Amino acid sequence: MKLRPNQSASTHLQVVPQVRGPHEPVLVRGVEISLLKPGKAESQSTFFSRAEARQAPRIPGSFAPALCYPRRVSVTSSPQMQATRRHSALVRVTHWLTVISFLALLVTGGEIVISHPRFYWGETGNSGTTPLFKIPIPASRDTVPSGYNYVMPDQNGWSRYLHFEAAWVLVLTGLVYVIASLLNRHFSRNLLPSPADRNWRAFRNVFAKSLRRAPPDPASNDAYNVVQRTAYVLVIFVLFPLVIWTGLALSPAFDSVLPATVNLLGGRQSARTLHFFVTDLLVLFLIVHVAMIVLAGFWSRTRAMITGRINSSSERP
Amino acid sequence: MSNISRRKLITTGIAATAGVTGLAAADRIARSYGLIPPDGGGIYGPGETLTYAAQRLLTRHSIAREFPRSMISEKPFRNETAPPGEEFKRHQATGFSDWKLSVDGMVAHPTSFSLADLKGLPTHNQITEVACEEGWSYVAEWIGTPLHNVLDAVGVLPQARYVVYFSIEKDWWESIDMADATHPQTFLTMGMNDGELPVGFGAPLRLRVPRQLGYKSVKYITRITATDSLKHFGKGLGSASSEGGYAWYAGI
Chain C
0 MKLRPNQSAS THLQVVPQVR GPHEPVLVRG VEISLLKPGK AESQSTFFSR
50 AEARQAPRIP GSFAPALCYP RRVSVTSSPQ MQATRRHSAL VRVTHWLTVI
100 SFLALLVTGG EIVISHPRFY WGETGNSGTT PLFKIPIPAS RDTVPSGYNY
150 VMPDQNGWSR YLHFEAAWVL VLTGLVYVIA SLLNRHFSRN LLPSPADRNW
200 RAFRNVFAKS LRRAPPDPAS NDAYNVVQRT AYVLVIFVLF PLVIWTGLAL
250 SPAFDSVLPA TVNLLGGRQS ARTLHFFVTD LLVLFLIVHV AMIVLAGFWS
300 RTRAMITGRI NSSSERP
Chain E
0 MSNISRRKLI TTGIAATAGV TGLAAADRIA RSYGLIPPDG GGIYGPGETL
50 TYAAQRLLTR HSIAREFPRS MISEKPFRNE TAPPGEEFKR HQATGFSDWK
100 LSVDGMVAHP TSFSLADLKG LPTHNQITEV ACEEGWSYVA EWIGTPLHNV
150 LDAVGVLPQA RYVVYFSIEK DWWESIDMAD ATHPQTFLTM GMNDGELPVG
200 FGAPLRLRVP RQLGYKSVKY ITRITATDSL KHFGKGLGSA SSEGGYAWYA
250 GI
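Which chain is which? The protein sequence lines are C and E, in order. Residue 155 in numbering that gives the first Met the number 0 is what sits at position 156 of the first sequence, and the numbering runs on without skipping anything. Residue 198 in numbering that gives the first Met the number 0 is what sits at position 199 of the second sequence, and the numbering runs on without skipping anything.
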């Protein structure tokens with residue numbers, strides 16, 4: 000980065016005394032070197048690759064404080080506040096697209112199930128055959144023996160349209176996320192448990208700490224623990240692929256091209272039942288995920304997923 | 000500052016132009032290859048278009064799963080249909096002896112077929128699954144003549160892109176593209192499970208489209224029209240189900 004013609008080093012030094020804060024600004028030698036490496040002062044987290052940090056845009060107005068304070072600290076705020084870069088833009092955008100499409104799929108999938116809240120195993124199943132189990136709710140179609148004298152409002156039309164549209168958003172978002180995360184090593188750096196943690200002891204330690212209500216490890220702001228990593232890896236590489244597979248198996252046209260899609264699952268009704276079970280597991284993950292965020296500090300974690308940064312000092316003890 | 004923002008402006012501009020041009024080109028190509036479904040507008044249009052286009056590129060000639068005879072469902076299920084109209088009851092009373100299937104539109108020789116005429120065409124059977132959009136399904140044997148035999152007999156013109164089919168019952172009609180219409184498993188069905196087709200399952204004539212959900216397999220067919228555009232049928236969405244809020248393409 001070059002100094003602009005009208006910004007000599009001295010003009011910067013003149014700005015420095017305006018900084019309000021308990022610490023005297025330290026004028027370092029080699030001003031130019033400090034200006035060239037603004038990222039130095041920022042705490043690095045493993046959530047953010049070095050390459051991304053290098054390319055991080057400088058915040059206008061933070062030129063001078065970069066000499067002595069972490070870059071993100073504004074001139075009027077407390078210098079103890081430390082902002083850590085936590086989520087890359089790719090993670091944030093794909094996260095929220097996944098949230099929107101998953102909730103749309105969940106609501107519309109629920110509506111579709113209401114039209115026939117019975118589940119079967121094998122290739123076929125209908126109101127004339129014995130179900131594997133049924134959800135004890137009225138159906139939205141009067142031909143379904145639900146045991147109720149009430150027929151729910153039928154919402155299948157728009158639900159199906161939205162279900163498949165949201166599925167496209169989810170699948171395309173997932174593809175972008177997985178390919179980019181393989182390329183920039185987000186998976187191997189942040190999500191795969193480190194080799195030292197690939198044992199039950201590491202798992203037990205996380206739970207034991209939590210049960211003992213031990214104060215959170217300061218490292219928890221910078222990296223996921225082994226339980227978190229395992230949960231995310233299972234969701235990304237097992238549950239989402241399974242829910243997409245079992246969903247595709249319900250497409251008669253897709254099955255005509257790749258019959259194994261449905262045959263390997265044990266038939267159409269088995270695929271539908273598995274689609275429901277995998278969705279349940281994803282909902283379980285969603286509940287635990289949100290609960291953990293509430294425990295860790297809902298706004299600080301949610302803000303981190305929106306702005307990409309987390310303020311260490313604003314964490315709840 | 001001005002350097003950076005100008006460069007940004009130019010790259011953003013190029014990216015935006017490329018994006019818009021790309022979308023426009025994709026839209027033109029999709030249209031010329033018939034990859035846009037008649038219900039491809041509105042908020043669900045992009046998803047529906049992606050589904051239909053992807054399926055058309057993947058599944059043009061694929062064959063729906065067929066099952067061994069042992070897998071035929073002992074208890075096939077059928078949804079209740081509205082009580083049959085007067086006209087249908089009259090046909091039922093005479094054993095459907097006067098039932099006619101008229102084939103018109105973009106065809107060289109518009110023809111009216113009796114059931115005996117249709118039975119005179121090469122007959123095939125298939126053991127395929129009926130999957131309802133509600134979630135249930137059954138496997139049955141379907142006996143009939145592939146629709147392409149009828150289309151060949153009347154000489155469908157090359158510019159025809161869709162086949163629209165109507166039930167004798169009011170406001171019950173669907174359409175499929177030529178890929179599905181000429182597909183070997185798209186049957187004009189007259190028999191089921193080694194016997195006559197029961198009325199509840201669509202007798203005397205049901206169009207089976209096994210690569211799509213059950214609602215595309217309309218019962219009590221009396222008329223088939225070949226057309227190059229669905230704009231002038233009903234509201235232009237291609238089927239009664241689309242007008243009722245359901246996707247026109249049901250191969251999902």
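Ideal Cβ placement from N, Cα and C applies to all residues, glycine included. Bear in mind the structure is a predicted one, so any value in this text is a computation, not a measurement.
### Query
My guess is that serine 101 of chain E and serine 113 of chain E are in contact by the Cβ rule of under 8 Å, so how many angstroms apart are they, rounded?
That belief does not hold up - the Cβ atoms of serine 101 of chain E and serine 113 of chain E are roughly 11 Å apart, past 8 Å.
### Query
If you drop the 5 nearest sequence neighbours on each side, which residues of the same chain put their C-beta closer than 6 Å to that of proline 183 of chain E?
Pro145
### Query
So with Cβ pairs under 9 Å, would you call aspartate 279 of chain C a contact of chain E?
no
### Task
Thinking threonine 253 of chain E and isoleucine 167 of chain E are a contact (beta carbons under 8 Å), I'd like their distance in whole angstroms, please.
Given a span of 0 to 251 for chain E in the structure shown, any question on residue 253 of chain E remains unanswerable.
### Query
From E/Asn78, E/Arg30, E/Asp97, pick the residue whose C-alpha is nearest to that of glutamate 86 of chain E; which is it?
E/Asp97
### Interface residues of the segment 152 to 175 of chain E facing chain C [CB-CB below 9 Å]
none
#### Entry: Cβ shell of phenylalanine 200 of chain E (< 6 Å), same chain only, five flanking positions each side left out
Arg77, Met191
#### Entry: Closer than 8 Å: tryptophan 247 of chain E CB and nearest the ligand MG heavy atom
With respect to the ligand MG, the structure shown offers nothing to examine, as it has no ligands at all.
### Query
Under a three-way DSSP split, which group does glycine 46 of chain E fall into?
helix
### Query
Is any beta-carbon of chain E found at less than 9 Å from that of alanine 88 of chain C?
no
#### Entry: Length of the line joining the Cα atoms of glutamate 133 of chain E and phenylalanine 239 of chain C
23 Å
### Message
Is there a C-beta anywhere in chain E that falls below 9 Å from the one on proline 258 of chain C?
### Response
yes
### Query
When the cut-off is 9 Å and only beta carbons count, does leucine 181 of chain C lie next to chain E?
no
### Task
Would you mind sorting alanine 303 of chain C into buried or exposed? The rule is 16 or more other CB atoms within 10 Å of its CB.
buried
### Query
Nearest chain E C-beta to alanine 252 of chain C closer than 9 Å, yes or no?
yes
### Query
Any residues in the segment 229 to 245 of chain C with a beta carbon nearer than 7 Å to a beta carbon of chain E? Which ones, in chain order?
none
### chain C contact for glutamate 132 of chain E (CB, 9 Å cutoff)
yes
### Query
Can you tell me the Cα-Cα spacing of alanine 55 of chain C and alanine 295 of chain C, whole angstroms?
Residue confidence is low: alanine 55 of chain C scores 45 on pLDDT, short of 50, so the model does not pin down where it sits. Its coordinate-derived value is still stated next. Cα to Cα, alanine 55 of chain C sits roughly 27 Å from alanine 295 of chain C.
### Contacts of proline 83 of chain E in chain C (Cβ-Cβ under 9 Å)
What proline 83 of chain E touches in chain C: nothing, since even the nearest Cβ is about 17 Å away.
### Message
Quick check: is the beta carbon of aspartate 142 of chain C nearer than 9 Å to any beta carbon in chain E?
### Response
Aspartate is not the amino acid found at residue 142 of chain C; the sequence shown has threonine there. Interface residue, yes.
### Contact list for glutamine 268 of chain C against chain B, beta-carbon separation under 9 Å
No chain B is present in this structure, whose protein chains are C and E.
### Residue nearest to histidine 162 of chain C in terms of C-alpha spacing, selected from C/Leu264, C/Ala103, C/Ser255, C/Val261
C/Ala103
#### Entry: Residue environment, methionine 105 of chain E, which counts as buried when at least 16 other CB atoms sit within 10 Å
buried
### Task
Specify, as a first and last residue, the run of the alpha helix (DSSP H) that methionine 177 of chain E falls within.
177 to 180
### Query
If you drop the 5 nearest sequence neighbours on each side, which residues of the same chain put their C-beta closer than 6 Å to that of leucine 212 of chain E?
Ala130, Glu132, Ala249
### Message
Using only the alpha-carbon positions, how far apart do glutamate 110 of chain C and valine 217 of chain E sit?
### Response
24 Å
### Message
Against chain C, does asparagine 124 of chain E count as a neighbour if the rule is that its beta carbon must be under 9 Å from one of theirs?
### Response
no
### Query
Are the C-beta of threonine 97 of chain C and some C-beta of chain E separated by less than 9 Å?
no
### Query
Which residue comes first and which comes last in the beta strand (DSSP E) that contains leucine 206 of chain E?
205 to 207
### Message
Looking at the secondary structure, which residues open and close the beta strand (DSSP E) in which methionine 191 of chain E lies?
### Response
186 to 191
### Message
Counting only Cβ pairs nearer than 8 Å, list the residues of chain C close to glutamate 128 of chain E.
### Response
Glu122, Thr123, Pro251, Arg267
#### Entry: Through-space distance from asparagine 124 of chain E to glycine 18 of chain E, alpha-carbon basis
49 Å
### Task
May I have the straight-line CA-CA distance separating isoleucine 9 of chain E from arginine 85 of chain C, to the nearest angstrom?
30 Å
### Task
Mind listing the chain C neighbours of phenylalanine 76 of chain E? Cutoff is C-beta to C-beta under 7 Å, in chain order.
Asn125, Ser126, Gly127
### Task
Count the other CB atoms, across all protein chains shown, that sit within 10 Å of the CB of phenylalanine 206 of chain C; report buried if there are 16 or more and exposed otherwise.
exposed
### Contact check, alanine 178 of chain E vs arginine 59 of chain E, beta carbons under 9 Å
yes
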